[in-house]
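Numbering (our numbering), first residue to last: 11 to 438. Presented below is the structure to which this report refers.
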């Protein structure tokens, strides 16, 4: 906001000549550089922003045209481009909260299935709320129980620390725990629109919803696809959002208890965490997905080879097997390393006993125990692994993917590890 106000001062000259001289002013040029970066991230909104800003800046625009008459043709073109960028940036400020009457706009994100997917949905929604200056309505997280067809949900604060999320207020994030009743029917209509079209609404459509109704409701597949936030979410912002999604107090207590039991059983808290993805359905999903130097599925032999030869892990080192791998189907692996899983160390406390069988709760416990490791090895085609990879790197810890195995000349990467070049199939 400070940068854009500086630009507005540059656009409010007493004469055209002063305006042109201000373009070369250090403050204006610095503000212009930041403005250009904002324009890139706001490219889908440019037409609306220019139209609104141009109306407000009509006086400055007239003076600018007068000044252009005394410039060479190439100066005219260059200066005109600068002015358009400046007007576009000032339009971002003029819009305020993105609503035509400067009223509050609510963003209601849909949460996808699975723990890491739902975290990604929330992170994308946070970035979008920051970008558009909308109020984020915290979604409920959905999960189910074995052999129970219906989905259940718990509020955001059941899984996450609400006070940690509020630290993003310094970036301008505004949150609400519920949507006003007056917006519910409009929200349902917007969700139906998304379902009917089965594609992400354009940014123009979302802005129209915001201006007309003061609410934007997105289906889960739209928030997980991240169509609007990629250019906006730089690495620093992504890192801050991940830190703000801190586990709630009850889950932090669960992990402390699990680590105490781990110390009793294993005699150490120094362990490597592995997200193996050894399930049969994952293996079927990965058939044929052989990439250059990269695999979707890696079997036991490949994992053992990777840890021993690439990571130089010693025999009988402690390895935590996160969701997707079980000791019963990793006999070779667990003969080589000292394996343990969530079931060995986690005994749910009273508050979580009713949810102990829920898939999302189990995934979350796995997710949090894994973060206690000194190093992490995952599967780059899994969102669960990808989230953990970034969290480890954020905290300065080692993280890698087993399916980035590099093979010597004459051998190819297979799910069994490095094999002669005539073995080409991924998962046969």
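Think of the CB as a built atom: it goes at the ideal place given N, C-alpha and C, for glycine as much as any other residue. Fair warning: this is a prediction, and the values are worked out from it, not measured in the lab.
Nearest neighbour of residue i, chosen from the options [CA to CA]
| i | options | result |
| --- | --- | --- |
| residue 346 | 186, 324, 267 | 324 |
| residue 9 | 186, 409, 360 | As shown, the chain starts at 11 and ends at 438. That puts residue 9 outside it, with no answer to give. |
| residue 174 | 191, 294, 250, 145 | 250 |
| residue 118 | 402, 125, 357, 184 | 184 |
| residue 201 | 190, 313, 225, 420 | 225 |
| residue 310 | 215, 285, 295 | 285 |
| residue 445 | 253, 369, 388 | The shown model of the chain, from 11 to 438, leaves out residue 445, and the question about it has no answer. |
| residue 390 | 305, 289, 150 | 305 |
| residue 228 | 131, 355, 388, 383 | 131 |
| residue 290 | 374, 307, 283 | 307 |
| residue 401 | 421, 380, 413, 162 | 380 |
| residue 148 | 222, 172, 126, 364 | 172 |
| residue 371 | 139, 262, 186, 191 | 262 |
| residue 126 | 404, 222, 378, 362 | 378 |
| residue 337 | 287, 124, 373 | 287 |
In DSSP terms, what residue i is bridged to
| i | result |
| --- | --- |
| residue 164 | 151 |
| residue 329 | 282, 349 |
| residue 386 | 283, 409 |
| residue 226 | 117 |
| residue 146 | 117, 185 |
| residue 321 | Per DSSP, none; premise fails for residue 321. |
Residue i: first and last residue of the uninterrupted beta strand (DSSP E) it sits in
| i | result |
| --- | --- |
| residue 182 | Segment: none, residue 182 is in no beta strand (DSSP E) and carries neither H nor E. |
Status (buried if at least 16 other CB within 10 Å, exposed otherwise) for residue i
| i | result |
| --- | --- |
| residue 113 | exposed |
| residue 100 | Low confidence applies to residue 100: its pLDDT is 40, below 50, so where it sits in the model is not reliable, and the reading given next is rough at best. Buried, because 16 or more other Cβ atoms sit within 10 Å of the Cβ of residue 100. |
| residue 129 | buried |
| residue 182 | exposed |
| residue 275 | exposed |
| residue 141 | buried |
| residue 217 | buried |
| residue 176 | exposed |
| residue 419 | exposed |
| residue 198 | exposed |
| residue 179 | exposed |
| residue 406 | exposed |
| residue 384 | exposed |
| residue 109 | Its pLDDT being 42, under 50, residue 109 is placed unreliably in this model, and the value from its coordinates should be taken loosely. Buried, because 16 or more other Cβ atoms sit within 10 Å of the Cβ of residue 109. |
| residue 40 | Note that residue 40 scores a pLDDT of 48, beneath 50, so its modelled location is shaky and nothing firm can be said. |
| residue 280 | exposed |
| residue 191 | exposed |
| residue 208 | With a pLDDT of 47 at residue 208, under the threshold of 50, the predicted position of this residue should be treated as unreliable, though the coordinate-derived value follows. Exposed is the call here. |
| residue 230 | buried |
| residue 352 | buried |
| residue 143 | buried |
Residue i: first and last residue of the uninterrupted alpha helix (DSSP H) it sits in
| i | result |
| --- | --- |
| residue 131 | 125 to 142 |
| residue 115 | First-last for residue 115: undefined, no H or E at that position. |
| residue 373 | 369 to 380 |
| residue 275 | 259 to 276 |
| residue 312 | 310 to 315 |
| residue 393 | 393 to 404 |
| residue 173 | 172 to 175 |
| residue 256 | Looking at the DSSP string, residue 256 is not in any alpha helix (DSSP H), and its letter there is neither H nor E. |
| residue 307 | First-last for residue 307: undefined, no H or E at that position. |
| residue 294 | 290 to 295 |
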